[in-house]
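Structure, as C-alpha cells:
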Amino acid sequence: MSSLRQSFQYGLRSFVRSPVFASIFAISLAVGIGAATSVFSLLNALVLRPLPLPHPEQLVSMNGIYRNHARVPITSPMFAELERDQRVFSGICGWSGGGSENLEIDGKMSLVPARSVTGGYYGVLEAQPLLGRLIGPADVQGSQASQVAVISYEMWKRQFTGDPTVVGRTIRADGKLFTIIGVTQRWFTGMKIGEEAPGITIPAGTSQQFDGGNRTLLWLNVTGRLKDGETVEGARSQLQSLWPHLLESTVSAEIKGQRRQSFLAMGLQVDQATRGVDSNLRTKVTKPLFLLLGIVALILLVVCVNLASLTLARASYRRHEISTRIALGASSWQAVHQFVAETMFLSGVGAVLALVLSVLGSRLLVVLLTRNESVPVLLNVKPDWRVFCFAVVVALFAGLFIGLIPAWQLSRQDPASAMRQGQRTLGRGTGVLGKALIVSQIAISLVLVQMAGLFLRSLEGMRTFDPGFARAGVTEVQLASVPRVGDTTDTINYRRQVLEAVGNMEAARSAAFSSVSIPAGDGGWKETASPATSTNAADAAAATLVEVSPGFFKTLAIPFVSGRDFAWTDDAHHPRVVIIDSLLAKQLFRSESAIGKRIRFGVQPDFQDLEIVGVSQTARIADVRDADAPMIFAPTQQDNGYAGTLLVRGSDGAELTRDVDAVLQSFGEEYSSSSRTLEASSERTLVYEQMTATLSTFFASVALVVAGFGLFGLMSYAVNLRTREIGVRMAMGSQRGGILRLILRESVMITLIGVGVGLPCALAASRVVAQMLFATSFADPVAVISAAMALLLTGMAAGLLPAVRAMRLNPMAALRHD
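The numbering of the sequence shown is the working numbering, which starts it at 21 and goes up by one.
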C-alpha cells in the first residue's frame, strides 16, 4: 500500500512538472468518459432506474392479450371482478392510458392531457402529495365519483405559477366543475417513466370519455401491489386460474359470433413493474440510445489509444531511468508500475471532470431526443450510484489500458542494452508499437465515419422520399370540441358546412377531415382484412383503417387507380363502403379488380360487409419507413362523423391558420388546439434519425481529429528520431522535395493500412445497424468511399507539417543531432 501511495505521489510530482501533458491527458479522457456517461445516464433514467415510488419491486402490471397478440386494457366490470376475487395483492388500481380534457382556467380554454383513475390509484403506488391530498377510495364510491381533481407539479408551475393556495380552486373540464384537492410531487409520473404525468387526474366516472358500466370498452390499465411474501409467479398463477370465469361473467350479452369468441379468448399478461410499464418514449428511444452508447464507446477507445500512444512516446524518454532502477535491484514490475499508477491517477481526475460534463451532456441529449415529442417528457437524469459506478469502472479500465501498454513495452527491455543505447536507437522499439496504435485509431475512426455517412444518407433519403402524397402546401389543424351540456349538434352536417366554408377561403384550395394526423404513426385502427366470402386465414392481411371525409384524397393529392372518391351520400343510411390502397388490393385480390368486391375488417359487426368503391395509389400515410402498411379508408359520415384532424391545402403561413380559426369561431363548436404544415409534421417524425445522424457525425469528426493528432504526433516523433538520417540523406544529395515525399509516403502508408484494417470492421458494424437505415445499403459505396477519402485526407494533413519540418532541416545541424 505504501509503495502504491509513493507511486501516486511520484506520478503527481511528475505531472506537475509536465502540466501540458497532464492537462491534455485529463481533458481528453474527461471528454471520452463524459460522452459515454452522458448516454448511460439517459439509459439509466429511462430503462434501468426503478420507479421513484416506495418499494417499486412490489408493483405488478396486468393487461389483456387480444387479437394479434396486442396488449390491451380491460373493461370496468373486468376490473371490478379482478379486484374482488384476487388474493395476492394488498391493493389494485386502474388508470386510463391517455386522453385529453378541454380545460378552462380563468376563462381561457386549452386542451390538457388528462387521466382517469380508480380510488386506489395513489394508495397502491404509495404516492405522497406536495400540496393537499390525493384521490382516494372515498372519492369513488360505486358509480358515484366526486368532482375533484389532482394536478401535476408541472401544471401547477406552468398554469398556476406555483401558487401555494391552489388547493380549493375550481377548474372546468369538459364543461364540468372540479375542485383541485392536491398537487403531486415533482418527479411523479405514475407508471410511465419518461412521460410527464397528465396535467389533471380525475376519479373514474367523472370523465365523459369513459363509461364505468360499459362491458365492451377496454380502457383500464391495471396495477397491483403484492402482499408481503407474495411473488409475481404466484400472482400470475392465481389470476390466470380465475381469468376464464372472469371473462364469462363480464362479457356483454350484445357481443355475438366471432367478436364474442375473440373476447372470451383474451389472454392475461402479468408482469413485474419495478421500472414501470413501457412508455412510447422508452420504446422508441432505447434502440437509438444503445447504438449511441456503442458509438461513444468507440470514441472512448480512440481517445485511449491516442493517449496510450502519447504515453508510450513519453515513456521512451525515461528508458534510461527505468533501466537504472532495474540494474539497482528493482523488479520489472516495481520499475514500471508507476506508469500504471500515474495513468490511474489522471484517469481519476478525468472521471471527476467527466461526471460534471455528463450532467450537461445528458440534459443536452434529453433536449435532442424529445424536442418534437407530442407528450411532454420528464426525465430525472441526475447521477445516482449506477452512473457513479459506470464512470469509475470506465475510468479504471481506461487507466489500465493506457498505462499497461508502455509498462509492458518497458518491462521487455534489457537494462544493460538500454543503458548503452542512445535516444534515437531506443525510439525504434516504440516505433512499431506506436504505429500499431495509430493504425488501430484509424481503423476505429473509419468505422465511426462510415456509420455517420450511412446515417446521414439514410436521413436524407427519408427527407427526399416520395411517400405517395403531397406534403407541400398542406396545413394540419388539430381540433378540440367546445364543451356543451346536452349538445344536439348534427355532427355530419356541421362538418360538411365547415369544409365548405374553409374551401371557400381565398387562401385555401381544398380541405378534408381525418381521424388521424399525418403521418399517422401508431394511429388508426389496426386489424386484419380479408375477402368477405373467404374463410381461409391465409387470405387475410394486416391493415390499418382510417376514417376520412370526402376530399381527403384531393387534399393530399393521392391519385386513384380505379373507382371513385367518397361522397356525402355515403352516410349511415347507405351500405358501408371503403376505399383501399393498391397494396391491399394486390394482397387480397391479386390481379383481379377490387372494385365492387366486399371485405371484412376485424370482428366488429358493422365491418363485416364493406363494399370497395375505390382503389387509391399506395401512400405511406402511417410511416414513411414502412413499405408494407396496407391502408383502408372509411367515410366519417358512416360513423359519428367526428374526426379530429382538419387538413387544408392552400398557401402556407399564418394567414391560412388565422382564416381557419375564424371559420371555426364562426360556428362555435370547435377550436384549434394546434396547427402545423405537413412538412413540419413529417420532419417531427425524424427526430431520432436526426439525433443519430447529428451525434454520429459529431463523434466521427472528433475521431478524425483525434486520429489526425495521433498520426501527427507519431510522424513528428519519427522525424525527431530520424533527424540524423535525414541530415545524411540531404548531405548525400537528396532534394528537399524527396524528403517531403518520404515523410508523406510513410504517413499515407500508415493511413492506408488503417483503412485496410478498418474497412471489414466498418462493414461488419454497418451490418449490425442495417435495420435502422432507410433506402440505404449497409455497404453503400458513397459512404464507404467518402469515409476512406476522409481518412486519407486526414492522414495527408497529419503528415504534412512534420514533412515540411523535415524538409526545412539544416543538414549540418541534423548531423550533430542525437
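For glycine and all other residues, C-beta sits at the position ideal for the given N, C-alpha and C.
Apart from the five residues on each side of it in sequence, which residues of its chain come closer than 7 Å, Cβ to Cβ, to Ile155?
These residues qualify, in order along the chain: Val137, Gly139, Tyr141, Tyr142, Val168, Val170, Thr221 and Pro223.
Just how far apart, CA to CA, sit Pro218 and Thr294?
Approximately 21 Å between the Cα atoms of the pair.
Minimum C-alpha distance to Met711 - residue among Val414, Leu384 and Thr209:
Answer by Cα proximity: Leu384.
Starting from the C-beta of Gly449, find all residues in its chain whose C-beta is less than 6 Å away, skip the five residues before and the five after it, and write them out in chain order.
Residue confidence is low: Gly449 scores 45 on pLDDT, short of 50, so the model does not pin down where it sits. No coordinate-derived value is stated.
Can you say whether Leu398 is buried or exposed, counting buried as having 16 or more other CB atoms within 10 angstroms of its CB?
Taking every protein chain shown into account, the CB of Leu398 has 16 or more other CB atoms within 10 angstroms, so this residue is buried.
Would you call Pro76 buried or exposed, if buried means 16 or more other Cβ atoms sit within 10 Å of its Cβ?
With 16 or more other Cβ atoms within 10 Å, it is buried.
In whole angstroms, what is the alpha-carbon distance linking Gly117 and Ile85?
Taking the straight line joining both Cα atoms gives about 16 Å.
From this set, Tyr514, Ala492, Val668 and Gly634, which residue's C-alpha is nearest Tyr534's C-alpha?
Per the sequence presented here, residue 534 reads as Ser, with Tyr not at that position. Of the listed residues, the one whose Cα sits closest to Ser534 is Val668.
Unbroken stretches of the beta strand (DSSP E), 3 residues or longer, contained in the region 172-217:
Runs found: 190-193 and 196-204.
Residue range of the alpha helix (DSSP H) that Val824 falls in?
First-last of the alpha helix (DSSP H) with Val824: Pro801 to Met827.
One question on the structure: do Val322 and Leu468 come within less than 9 Å of each other, judged by their Cβ atoms?
Closer than 9 Å, so yes.
Tell whether a beta-carbon distance below 9 Å holds between Leu320 and Ala56.
Against a cut-off of 9 Å, the Cβ pair of Ala56 and Leu320 comes out as a contact.
Of the residues Thr199, Gly182, Asp183 and Leu389, which one's Cα is nearest the Cα of Thr190?
Nearest Cα to Thr190 within the set Thr199, Gly182, Asp183 and Leu389: Thr199.
Cβ of Ala527 within 9 Å of Cβ of Asp681?
No; because the gap between Cβ atoms is not below 9 Å, this pair is not in contact.
Starting from Phe283, follow its DSSP beta bridges and name the residues at the other end.
In DSSP, Phe283 forms no bridge with anything.
Cα-Cα, which of Asp646, Ile652, Phe687 and His593 is closest to Asp659?
The shortest Cα separation from Asp659 among Asp646, Ile652, Phe687 and His593 belongs to His593.
In or out: Phe310 buried (at least 16 other Cβ within 10 Å) or exposed?
Phe310 comes out exposed.
Identify, in the order they occur along the chain, each residue of the same chain with its Cβ nearer than 6 Å to the Cβ of Arg529, setting aside the five sequence neighbours on each side.
Excluding residues within five positions, the ones whose Cβ falls inside 6 Å are Arg669 and Gly670.
For Leu240, which option in Ile94, Thr705 and Thr714 has the closest C-alpha, if you only look at C-alpha atoms?
For the set Ile94, Thr705 and Thr714, the Cα lying nearest the Cα of Leu240 is the one of Ile94.
Given this structure, state the Cα-to-Cα distance separating Leu373 from Ala782, to the nearest angstrom.
Distance between the alpha carbons of Leu373 and Ala782 is about 31 Å.
Indicate the three-state DSSP secondary structure (helix, strand or coil) for Arg444 in the structure shown.
For Arg444, the pLDDT reaches just 46, beneath the cut-off of 50, and the residue's location in the model is therefore unreliable, although a value from the coordinates is still provided. Here Arg444 sits in helix by DSSP.
Go through its chain and collect everything with a Cβ distance to Gln624's Cβ below 8 Å, but skip five positions before and after it.
Taken in chain order, the residues that qualify are Arg279.
Any idea what DSSP makes of Tyr662, helix, strand or coil?
Taken through DSSP and simplified to helix, strand or coil, Tyr662 comes out as coil.
With a Cβ-Cβ cutoff of 9 Å, do Gln470 and Val325 count as a contact?
Their beta carbons are not under 9 Å apart, which means Gln470 does not touch Val325 by this criterion.
Exposed or buried, which one is Ala807 when buried takes at least 16 other CB atoms within 10 Å?
Ala807 should be labelled buried.
Gly52: which of Val203, Phe283, Gln607 and Ile315 sits nearest, CA to CA?
Nearest C-alpha to Gly52: Ile315.
Other residues of its chain near Ala415: CB distance less than 8 Å, five sequence neighbours each side excluded:
In its chain, beyond the 5 residues on either side, Leu49, Ile53, Ser367, Gly368, Gly370, Ala371 and Ala374 have a beta carbon closer than 8 Å to the beta carbon of Ala415.
Which residue marks the beginning of the alpha helix (DSSP H) containing Ser686, and which one marks its end?
Residues Ala674 to Phe687.
Cα separation between Ser569 and Glu520?
Computed Cα separation, rounded: 12 Å.
To which residues of the same chain is Ala663 closer than 6 Å at the C-beta, ignoring the five residues directly before and after it?
So the qualifying residues of the chain are Phe533, Ser534, Ser535, Glu567 and Thr656.
May I ask you to report which of helix, strand or coil DSSP gives Arg516?
Helix, per DSSP.
I'd like the list of long-range same chain contacts for Gly419, defined as Cβ closer than 6 Å, with 5 residues on each side in sequence excluded.
So the list reads Thr363, Met364 and Ser367, once near-sequence residues are dropped.
Assumed close pair Gly733, Ala333 - CB separation to whole angstroms, cut-off 8 Å
The beta-carbon distance between Gly733 and Ala333, rounded to whole angstroms, is 7 Å. This is short enough to meet the 8 Å contact definition.
At a cut of 8 Å, does the region 788-795 reach the region 476-484 through at least three beta carbon pairs?
Output reads yes: the region 476-484 touches the region 788-795.
For my contact list, Gln106 and Leu259 are in at a C-beta cut-off of 8 Å; report their separation, rounded to the angstrom.
Confirmed, Cβ separation roughly 6 Å.
Sorted by chain position, which residues of the same chain lie with C-beta nearer than 8 Å to Val80's C-beta, five sequence neighbours on each side aside?
If we look at Val80 and ignore the five residues flanking it on each side, its Cβ neighbours are Phe109, Thr243, Gly244, Arg245, Leu246, Val252, Ala255, Val290, Asp291, Gln292 and Ala293.
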